[in-house]
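These notes concern the structure reproduced below.
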Amino acid sequence: MAIIALMSAKGSPGVTTSALACALAWHRRLVLAECDPAGGSILAGFLGGQLDGPRGIGELAVGELRDGNLETAFWSQLVDLDAPRRERLLLPGLVDPTQGGSVTPLWQRFADYFNALDRGTPGYDVLVDCGRLHVASPPWPLLRAASVVLLVTRAQLPDLSGTRAVVTAIERDFAEHRVPPGTLRLLLVGDGHGRAEISRALKLPVIARLPHDPRTAGVLGLGGTVRAGRPLMRAAAALEVPVGALLERRRARLAWPVQQGVPDAV
Numbered sequence: 223m224a225i226i227a228l229m230s231a232k233g234s235p236g237v238t239t240s241a242l243a244c245a246l247a248w249h250r251r252l253v254l255a256e257c258d259p260a261g262g263s264i265l266a267g268f269l270g271g272q273l274d275g276p277r278g279i280g281e282l283a284v285g286e287l288r289d290g291n292l293e294t295a296f297w298s299q300l301v302d303l304d305a306p307r308r309e310r311l312l313l314p315g316l317v318d319p320t321q322g323g324s325v326t327p328l329w330q331r332f333a334d335y336f337n338a339l340d341r342g343t344p345g346y347d348v349l350v351d352c353g354r355l356h357v358a359s360p361p362w363p364l365l366r367a368a369s370v371v372l373l374v375t376r377a378q379l380p381d382l383s384g385t386r387a388v389v390t391a392i393e394r395d396f397a398e399h400r401v402p403p404g405t406l407r408l409l410l411v412g413d414g415h416g417r418a419e420i421s422r423a424l425k426l427p428v429i430a431r432l433p434h435d436p437r438t439a440g441v442l443g444l445g446g447t448v449r450a451g452r453p454l455m456r457a458a459a460a461l462e463v464p465v466g467a468l469l470e471r472r473r474a475r476l477a478w479p480v481q482q483g484v485p486d487a488v
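Numbering of the sequence shown is given in the working numbering, commencing with residue 223 and proceeding in unit increments.
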């Protein structure tokens, strides 16, 4: 299991919509964690605010700072998106962005805990919505701990111009913190320049393109019935395959030192 992080350079290219579509379409058992310092939107949008009391990362942070009870409180803060199966769980984001100060000191703590969820019974992947990089306190520890980081961008020139600077910033930070290479990928949203052209320009592989599907995006943003056959949901489901392949390659690289001394196959 692993952390899979999604983030963007600026504006609203659809990070939360993409993350929620993947959470609802993928077959792996996962937790979708809204870790955008600017605040979460799934609770008020897709879920229509219909919860019995406050819940989410803000409540979790307050409890951790006060009592250090993350391990015991975590599961009570989750929302089952596919009740009662508990295979697609949501950790709602901040309701009030001014609460960001209580979460910022805990990004590393959350990163360590998310990475350990694979050792549970059952284990979970964690799909993390990190929002935009250009905020006061980006969740860098979560990005550095991720096995896959998907940089979400529209394929139009103004968005790609801002994305180029973010790619440089992330790659510089990852090099300084010795994050294994091959973690970062581009995830395109909507129409525009071609995948090969963008990959050459930004010197970064494009993992997939999610189509312009305003009807489904509206449902994911405001609530309603999600239809698996819609273009966005089909593309989100297909994204699980290349992400899974990246995860397998990452696991193989991390396991390689254990196999030192084993003769090469002839």
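Just so it is clear, CB atoms sit at the ideal spot from N, CA and C, and this is done for glycine as well.
Beta-carbon separation of residue i and residue j under 8 Å?
i: residue 439; j: residue 236; result: yes
i: residue 347; j: residue 452; result: no
i: residue 465; j: residue 339; result: no
i: residue 295; j: residue 280; result: no
i: residue 389; j: residue 355; result: no
i: residue 243; j: residue 444; result: no
i: residue 241; j: residue 349; result: yes
i: residue 337; j: residue 225; result: yes
i: residue 458; j: residue 247; result: yes
Note down, in chain order, each residue of its chain lying with its Cβ closer than 6 Å to the Cβ of residue i, except the 5 sequence neighbours on either side.
i: residue 366; result: 399, 401
i: residue 220; result: Residue 220 cannot be examined here, being either before or after the span of the chain that is shown, 223 to 488.
i: residue 304; result: 310
i: residue 484; result: Bear in mind that the predicted position of residue 484 carries a pLDDT of just 44, short of 50, making it too unreliable to give a figure here.
Going by CA-CA distance only, name the one from the options that's closest to residue i.
i: residue 351; options: 451, 463, 264, 457; result: 264
i: residue 404; options: 283, 423, 429; result: 429
i: residue 417; options: 376, 288, 298; result: 376
i: residue 392; options: 373, 290, 457; result: 373
i: residue 425; options: 386, 458, 288, 363; result: 386
i: residue 329; options: 259, 436, 247; result: 259
i: residue 312; options: 306, 301, 434, 225; result: 301
i: residue 230; options: 450, 269, 360; result: 360
i: residue 505; options: 441, 289, 421, 456; result: Look at the range of the chain in this structure, 223 to 488, and you will see that residue 505 is not part of it.
i: residue 322; options: 379, 336, 256; result: 256
i: residue 326; options: 261, 378, 414, 450; result: 261
Check the DSSP bridge columns for residue i and list the partner residues they point to.
i: residue 302; result: 311
i: residue 375; result: 410
i: residue 432; result: 411
i: residue 227; result: 350, 371
i: residue 252; result: 310, 347
Kindly list the residues whose CB is nearer than 8 Å to the CB of residue i, restricted to its own chain and excluding five residues on each side of it in sequence; keep chain order.
i: residue 477; result: none
i: residue 490; result: There is simply no residue 490 to check, as the chain begins at 223 and stops at 488 in what is shown.
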